[in-house]
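According to this note's numbering, the stretch in the sequence shown is residues -7 to 185, in order.
Report on the structure given below.
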Amino acid sequence: MHGKGPWPGRDSELNPPVTDNKKNILSEEAFLILHSGEIPEVAYHGSIHYLTEDPEGPLLNIGPQDLISLEKAVVQRYRAIILRDVTSENRDRSIYRGLKRCAANWKRLVSFSDKRSTDISSIRKEVTDALKDFLRQEIMDVSSGKRKTCINCTYSVLTEFAYSLGLSRDDLPAKERIEGLRELFFCNSEIED
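Written as structure tokens, this is what we have:
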């Protein structure tokens, strides 16, 4: 991507070489993406705009290689927020957004990584294991009366999410157990299958 202006690098002895400045700026932007909000891809596109087109930005000329650190930050941010929402210990914390948001963020991560041919197989495994543990814990806690469910999506959204992770029905807790708790799971009248 070409910036709209020259990048001042070695014009003065006070400035380090262009590549060092550029690396530092890209590193700062990756840090901001890694600590961005709920949709890191928005922060990614904002960073690209700032870096290349914003009159108050550095107006860098950046190529695909320059974007790698930003793309890795997007993937890691998605990983963090997805795992947050399939961690049982987070269910009662204000940071928790639920399985519905988790499934949506997984779709966003897959779409982002597919466009860039990024390997997310290790994250897929991590999320898969976390989802199975989460569902086991949720079923156990709700069945025993310890808590009301925090599952805020339909069974079809849940299974679609599980299938997109590579799980089959056999990998999930028994359908009968989930269906038996269906009224507990889906007590919100706004949730429809």
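Positions of the beta carbon are idealized from the N, C-alpha and C atoms, including for glycine.
Item to check | Test item: CB-CB of GLU33 and VAL66 under 7 Å | outcome: yes
Next on the checklist: For LYS138, count the other beta carbons within 10 Å of its own beta carbon; 16 or more makes it buried, fewer makes it exposed. Which is it?
Outcome noted: Classification for LYS138: exposed.
Checklist entry - Which class does GLU184 belong to by DSSP, given the choice of helix, strand or coil? => result Note that GLU184 has pLDDT 44, beneath the 50 cutoff, so the model's placement of it is unreliable and the number below is only indicative. GLU184 sits in coil when the DSSP states are folded into three classes, being neither helix nor strand.
Checklist entry - How should ASN97 be labelled, buried or exposed, when 16 other C-beta atoms within 10 angstroms of its C-beta is the threshold for buried? => result That one is buried.
Checklist entry - Taking just the CA atoms, how far does THR120 sit from SER114? => result 10 Å
Next on the checklist: Can you tell me whether GLY49 is helix, strand or coil according to DSSP?
Outcome noted: coil
Next on the checklist: Is ASP133 close to chain D? Criterion is C-beta to C-beta, closer than 7 Å.
Outcome noted: Protein chain content of the structure displayed is limited to a single chain, and chain D is not contained in it.
Item to check | C-alpha gap between ARG128 and VAL78, whole angstroms | outcome: 11 Å
Checklist entry - Hey, TYR62 and CYS145: beta-carbon distance below 7 Å or not? => result One point to set straight first is that residue 62 is Leu, not Tyr, in the sequence displayed. Not closer than 7 Å, so no.
Next on the checklist: Between GLY29, GLU20, ILE54, which has its C-alpha nearest ARG69's C-alpha?
Outcome noted: GLY29
Item to check | Coarse secondary structure for SER105, derived from DSSP in three states | outcome: helix
Next on the checklist: Can you list, in chain order, the residues of its chain with a C-beta nearer than 6 Å to that of SER105? Leave out the 5 residues immediately preceding and following it.
Outcome noted: In chain order, ILE112 place their CB closer than 6 Å to the CB of SER105, counting only its own chain and leaving out the 5 sequence neighbours on each side.
Next on the checklist: Checking 7 Å against the spacing of the C-beta atoms, do LEU157 and ARG116 come in under that value?
Outcome noted: Contact flag set, yes.
Checklist entry - How big is the Cα-Cα spacing for ILE54 and LEU18? => result 10 Å
Checklist entry - Exposed or buried, what is LYS14 when buried is set at 16 or more other beta-carbons lying within 10 Å of its beta-carbon? => result buried
Item to check | Closest by C-alpha distance to LEU51, when choosing among SER103, ASP58, HIS41 | outcome: HIS41
Next on the checklist: If distances are taken between C-alpha atoms only, which option among ALA72, VAL134, GLN57 comes closest to ILE31?
Outcome noted: ALA72
Checklist entry - Is the beta carbon of GLU21 less than 7 Å from the beta carbon of SER39? => result For GLU21 and SER39, yes; Cβs fall inside 7 Å.
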